[in-house]
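Oh and the sequence shown: position 40 is 39 in numbering that gives the first Met the number 0, straight run, nothing missing.
Positions of the beta carbon are idealized from the N, C-alpha and C atoms, including for glycine.
Following: one structure in structure tokens, then a few remarks.
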Amino acid sequence: MLVKLSVRTAAAVAALAVATACAPQTSGGSSSGKDEKTGTLRVWLFQEVDNAPKQKVVDAAVAAFKKTHEGVKVNVEYIPVETRAQRVKAAFNDPKSAPDVIEYGNTDTAGYVKDGGLADITKEFNGWSEAKDTDPTARQSVTVDGKIYGAPYFVGVRALYYRTDVLKDLGLEVPKTQDELAETARKIHAARPDLYGLAVGGAYTYGAMPFIWSRGGELAEGKGGSYSSTIDSAQAQKGIKAYTSLFGSANCPAAKCAGMGGNDTVTAFASGKAGMAIGGDFSHAAIEAGKVKGKYEVVPLPGVKPGSVAPAFAGGNNIGVLKSTSHRTLAVDLMKQLASKKTQGALFDAMGFLPTYTDVRQQVAAEEPFVEPFVKTLASGAKFVPASPAWAQIDASLVLPTMFQEVISGKKDVAAASKDAAEKMNDAFSSVG
């Protein structure tokens, strides 16, 4: 079973990486004003590293759709991740060549809505019986200013991987708070100088955010075009200090770790160079294929208080209907089929993608023990980025990694670095207001 998981979960890496890509800037699409009940529906989905298992699940969903929509044809195209931004931009600008249904990264929602590319399907989503079981954070990822622009397709979240053999040999307990996490990391590195206690990265935004969120800090407040950064708030500064304190000779030397991203920290753990690391459910395959296979376990990343879980970023993808479609009703029906409980359960079996429905997630956690800590993390309350088209600009400009790295290097203190980051974020927010 673990071999099967390793194969299918590897595909999730490519899909989840898409979720942080920049939204294309366009002049916006226009509604066709038509709702034809016959013809051909065009669908664009992301091509995975190993696409055959995903295609089999999608083919089954399309077949089920066609049984209840006689005479309707469906043309599914799997688009390469590398050319995705250009393809979507062209589709928004040329409705005649655009698909009716599209898969997209969940941090792209606000940008695509601003571009005029996605249809508002609030009424249909709220009237869909399965939608009531959608995870609240996943629902947030398709919502902009109270309106819904798609259906959540799958979700990914991070937790704490730790070496069972290292902790046992050193007589250490699994940390139950972030203070204990830092202390355990220092003890591991002191006893085993060849290991990072906890592998951390100055460019690992979503590994750092739980430390900020668990202290009450937020990225920003507001909605739509009126977001204002709060990364320099007192609570956020406490979290920044907690995370950046993990860099240095006592745990993860700044010279090596300041430039590391999430993949680097997971690679360090998988190759046996770290006692602990913050990794995703989608990191499972890489770690299983590494030197620590059979020597690790996973628990939710602890919060500040004993027994608490640090809020994690909920990544993943969504399925949406383009505003320009001339088959709106059919396109919404197909979206529901592709994002249904049955299809998401099958996608987990085939690819390892975590379902966005709370009840389906509980079922898959019972089937696959490795999923349980990630499901528990999501159930404890995951977080999402501001629903603003500016987020793609903020993310691509490395505003937060720059802030962390300035503190780690000693170039700026937490107050100055966070203030500068807040100003850059506000510039981005105002540019799309």
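1. Look up Asn74 in the DSSP assignment and give the residues it is bridged to.
2. Three or more C-beta pairs under 8 Å: does that hold for the stretch 93 to 107 against the stretch 43 to 58?
3. Can you look up Arg360 in the DSSP assignment and give me helix, strand or coil?
4. Expressed to the nearest angstrom, what Euclidean distance is found between the alpha-carbon atoms of Ser430 and Ala62?
5. Can you tell me whether Glu405 is buried or exposed, with buried defined as 16 or more other CB within 10 angstroms of its CB?
6. When burial is assigned at 16 or more other CB atoms within 10 Å of the CB, is Gln336 buried or exposed?
7. With DSSP run on the structure shown, which of helix, strand or coil describes Gly28?
8. From what residue to what residue does the alpha helix (DSSP H) around Arg327 run?
9. Using a 10 Å radius around the Cβ and a threshold of 16 neighbouring Cβ atoms, would you call Gln139 buried or exposed?
10. Under 8 Å by Cβ, that's how I've got Leu159 and Val303 pegged, so tell me the actual separation to the nearest angstrom.
11. For Arg157, which of helix, strand or coil comes out of DSSP?
12. Tell me the rounded alpha-carbon separation between Ala189 and Ala249.
13. Does DSSP put Glu220 in a helix, in a strand, or in coil?
14. Alpha carbon to alpha carbon, how far is Thr67 from Leu333?
15. Using the DSSP secondary-structure output, state which residues sit across from Leu197 in a beta bridge.
16. Who are the Cβ neighbours of Pro174 in its own chain at under 7 Å, not counting the five residues just before and after it?
17. Around the Cβ of Asn316, are there at least 16 other Cβ atoms within 10 angstroms (buried) or fewer (exposed)?
18. I need the straight-line Cα distance from Val331 to Phe246, nearest angstrom please.
19. Excluding five sequence neighbours on each side, which residues of the same chain lie with their C-beta closer than 6 Å to the C-beta of Asp358?
20. Report yes if the C-beta distance between Pro439 and Pro310 is below 7 Å; otherwise report no.
21. Indicate the three-state DSSP secondary structure (helix, strand or coil) for Thr142 in the structure shown.
22. Only counting the same chain, and skipping five residues up and downstream in sequence, which positions put a Cβ closer than 6 Å to that of Ala16?
23. Roughly how many whole angstroms lie between the Cα atoms of Ser325 and Ser282?
24. What would DSSP say about Glu371, mapped onto helix, strand or coil?
25. Return the CA-CA distance between Phe428 and Glu217, expressed in angstroms with no decimal places.
26. Entirely within the stretch 52 to 110 and at least 3 residues each: give me those beta strand (DSSP E) ranges in chain order.
27. For the candidate residues Met350, Lys375, Phe352, Asp348, whose alpha-carbon lies nearest to that of Gln361?
So, to answer that:
1. The secondary-structure analysis by DSSP pairs Asn74 across a beta bridge with Arg41.
2. Inter-segment contact for the stretch 93 to 107 and the stretch 43 to 58 is present: three or more beta-carbon pairs are separated by less than 8 Å.
3. Here Arg360 sits in helix by DSSP.
4. Distance between the alpha carbons of Ser430 and Ala62 is about 44 Å.
5. Buried, by the Cβ-count rule.
6. Of the other Cβ atoms in all chains shown, 16 or more fall within 10 Å of the Cβ of Gln336; this residue is therefore buried.
7. Note that Gly28 scores a pLDDT of 33, beneath 50, so its modelled location is shaky and nothing firm can be said.
8. It spans 327 to 337 - the alpha helix (DSSP H) in which Arg327 sits, taken as one unbroken run.
9. Buried, since its Cβ has 16 or more Cβ neighbours within 10 Å.
10. The Cβ separation is near 14 Å, so there is no contact.
11. Reduced to three states, the DSSP call for Arg157 is strand.
12. Looking at the two C-alpha atoms, the distance is approximately 7 Å.
13. It is a strand residue.
14. Thr67 and Leu333 have their C-alpha atoms roughly 10 Å apart.
15. Leu197 pairs with Met275.
16. For Pro174, same chain residues with a beta-carbon under 7 Å away, outside a window of 5 residues either side, are Leu180, Thr183, Pro301 in chain order.
17. Buried, by the Cβ-count rule.
18. Each residue's alpha carbon lies about 48 Å from the other.
19. Cβ within range, chain order: Asp132.
20. Given a span of 0 to 432 for the chain in the structure shown, any question on residue 439 remains unanswerable.
21. In the structure shown, Thr142 adopts extended strand secondary structure according to DSSP, grouped into three states.
22. Annotation note: pLDDT 40 at Ala16 (below 50); position unreliable, no value reported.
23. Each residue's alpha carbon lies about 40 Å from the other.
24. Helix, per DSSP.
25. Computed Cα separation, rounded: 15 Å.
26. Fully enclosed beta strand (DSSP E) runs of 3 or longer: 72 to 78, 100 to 104.
27. Of the listed residues, the one whose Cα sits closest to Gln361 is Lys375.
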